[in-house]
Amino acid sequence: MKRSKKIVLVSHCILNINSKVEGLATSKACVREVIDYFYDNDYGIIQLQCPELTCMGIKRWGQSINQYNNPFYEEHCTKLAKDLIKIVRNYITNGYEVKYVIGIDGSPSCGVNLTCYGDAGGENLDFDGYETREGQGVFMKTLMKENEKYNLGLEFLGINEEDPIKSMESLKMIISS
Numbered sequence: 818m819k820r821s822k823k824i825v826l827v828s829h830c831i832l833n834i835n836s837k838v839e840g841l842a843t844s845k846a847c848v849r850e851v852i853d854y855f856y857d858n859d860y861g862i863i864q865l866q867c868p869e870l871t872c873m874g875i876k877r878w879g880q881s882i883n884q885y886n887n888p889f890y891e892e893h894c895t896k897l898a899k900d901l902i903k904i905v906r907n908y909i910t911n912g913y914e915v916k917y918v919i920g921i922d923g924s925p926s927c928g929v930n931l932t933c934y935g936d937a938g939g940e941n942l943d944f945d946g947y948e949t950r951e952g953q954g955v956f957m958k959t960l961m962k963e964n965e966k967y968n969l970g971l972e973f974l975g976i977n978e979e980d981p982i983k984s985m986e987s988l989k990m991i992i993s994s
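When the letters of the sequence shown are read in order and numbered with our numbering, they come out as residues 818 to 994.
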């Protein structure tokens with residue numbers, strides 16, 4: 818069978834909701850609307866590593882960008898981003914179309930348009946006092962810088978996993994244009 822040579826990059830939790838902080842899953846397994854759309858349109862899917870999971874494990878506490886915005890976590894995200902960009906560059910050099918990165922708006926790591934703010938520190942968080950505002954998560958911001966550095970032309974799109982149907986309507990309009 819002939820390859821489509823189209824690839825999309827998606828945040829880890831889109832394919833594996835189990836990677837999210839306990840209590841934040843919006844479905845049992847994945848964000849199916851996103852996966853189905855790209856599968857139905859012949860895209861290969863590269864699952865981004867979850868920087869929160871690879872840094873702090875599955876039993877981590879929920880945090881906001883206020884906690885993740887530190888040199889140690891930024892260095893971790895930079896390493897993941899640089900490794901990913903090497904893969905993307907290899908695909909592009911070999912004639913593949915890698916055009917989109919799909920993030921999770923509201924995430925302190927993978928938010929594209931929106932991220933989570935809150936100034937708690939040290940205590941186990943119940944997410945009261947947290948708010949979603951404009952901005953990029955730490956990992957997406959790092960990935961955007963690497964994209965610019967190599968002029969890859971990746972387009973970053975965020976979904977609201979709590980309303981994936983509406984998010985996909987917006988994504989479909991962007992992707993089909």
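We treat Cβ as the ideally placed atom computed from N, Cα and C, and that holds for glycine.
{"Item": "Short of 7 angstroms in beta carbon distance, which residues of its chain neighbour MET957, apart from the five on each side in sequence? Order them along the chain.", "Value": "GLY920, CYS927, GLY928, VAL929, PHE973"}
{"Item": "The beta strand (DSSP E) with ILE919 in it runs from where to where?", "Value": "914–921"}
{"Item": "In the DSSP assignment, find the unbroken beta strand (DSSP E) run with LEU974 in it and report its ends.", "Value": "972–976"}
{"Item": "Look at the Cβ atom of ILE824, then the Cβ atom of VAL918, and state whether they are nearer than 7 angstroms.", "Value": "no"}
{"Item": "Please state the DSSP three-state secondary structure of LEU841.", "Value": "coil"}
{"Item": "According to DSSP, is GLN864 helix, strand or coil?", "Value": "strand"}
{"Item": "Classify TYR967 as helix, strand or coil using the three-state DSSP reduction.", "Value": "helix"}
{"Item": "Measuring straight from C-alpha to C-alpha, what distance separates GLY912 and VAL905?", "Value": "11 angstroms"}
{"Item": "If you follow the beta strand (DSSP E) that ILE824 is part of, which residue opens it and which one closes it?", "Value": "823–827"}
{"Item": "Go ahead and pull the three-state DSSP assignment for CYS933.", "Value": "strand"}
{"Item": "The alpha helix (DSSP H) spanning GLU948 covers which residue range?", "Value": "First-last for GLU948: 948–951, but that is the beta strand (DSSP E), not the alpha helix (DSSP H)."}
{"Item": "Considering Cα atoms alone, identify which of LEU897, ILE902, LEU841 is closest to ARG877.", "Value": "LEU841"}
{"Item": "Could you name the residues of the same chain whose beta carbon sits closer than 8 angstroms to that of GLY970, not counting the 5 residues immediately before and after it, in chain order?", "Value": "LYS916, ASN964"}
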